[in-house]
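Visitor:
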């Protein structure tokens, strides 16, 4: 059975050029600070450039998924359509889950139900996470 998503899937695109070994992309967390880097990732993808080593924490890791899978506009789609949902960020999350961010919503519900992740392209870059 084919998975259906709330949003129209954005197909991934394989990077054309991997930068030389020794280059790395280090992505900070910090919740909403990750929104600022979404456009930078789109520019890297539009240029067909991929880093040979990528490490990210929290929002940085979430942004890296879209970048590694080559899905231009995916991070922007998340920001524009899902960040306003109280499941994403709210005082209620803090009261019930000890974080203003709803980690299950961000890292499970959004990618599994709402916004497709192109795991086929992502997994072609197995050197990033092994």
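Residue numbers (the numbering used here): 3 to 132.
All C-beta atoms in this analysis are idealised placements derived from N, C-alpha and C, irrespective of residue type, glycine included.
(1) Report yes if the CB atom of residue 46 is closer than 9 angstroms to the CB atom of residue 26, and no otherwise.
(2) Note down, in chain order, each residue of its chain lying with its Cβ closer than 6 angstroms to the Cβ of residue 11, except the 5 sequence neighbours on either side.
(3) By the 10 Å Cβ neighbour count, where 16 or more other Cβ atoms means buried, how is residue 55 classified, buried or exposed?
(4) Thinking C-beta only, is residue 58 closer than 9 angstroms to residue 64?
(5) In or out: residue 43 buried (at least 16 other Cβ within 10 Å) or exposed?
(6) Identify, in the order they occur along the chain, each residue of the same chain with its Cβ nearer than 6 angstroms to the Cβ of residue 96, setting aside the five sequence neighbours on each side.
(7) Taking the beta strand (DSSP E) that residue 114 belongs to, which residues open and close that run?
(8) With a threshold of 16 other CB atoms inside 10 Å of the CB of residue 62, please say whether the residue is buried or exposed.
(9) Which same chain residues, not among the five before or five after residue 1, have their C-beta less than 6 angstroms away from its C-beta?
(10) For residue 123 versus residue 74, is the C-beta spacing smaller than 9 angstroms?
Guide: So, from the data block:
(1) If you number the chain shown from 1, residue 46 lands on position 44. If you number the chain shown from 1, residue 26 lands on position 24. Contact: no.
(2) By 1-based counting over the chain shown, the position of residue 11 is 9. Within the same chain, residue 11 has close Cβ partners 118.
(3) As a position in the chain shown, residue 55 is number 53, starting the count at 1. With fewer than 16 Cβ atoms within 10 Å of its Cβ, residue 55 is classed as exposed.
(4) Position 62 of the chain shown, counting from 1, holds the residue named residue 64. Position 56 of the chain shown, counting from 1, holds the residue named residue 58. Yes, these two residues count as a Cβ contact at 9 angstroms.
(5) Position 41 of the chain shown, counted from the first residue, corresponds to residue 43. It counts as buried.
(6) Counted from its first residue, the chain shown places residue 96 at position 94. Once the five neighbours on either side are set aside, the close Cβ partners of residue 96 are 102.
(7) Taking the first residue of the chain shown as 1, we reach residue 114 at position 112. Premise fails: residue 114 is in no beta strand (DSSP E) and is neither H nor E.
(8) Position 60 of the chain shown, counting from 1, holds the residue named residue 62. Classification of residue 62: buried, given that the 10 Å Cβ count is 16 or more.
(9) Given a span of 3 to 132 for the chain in the structure shown, any question on residue 1 remains unanswerable.
(10) As a position in the chain shown, residue 123 is number 121, starting the count at 1. As a position in the chain shown, residue 74 is number 72, starting the count at 1. No, Cβ-Cβ distance for residue 123 and residue 74 is not below 9 angstroms.
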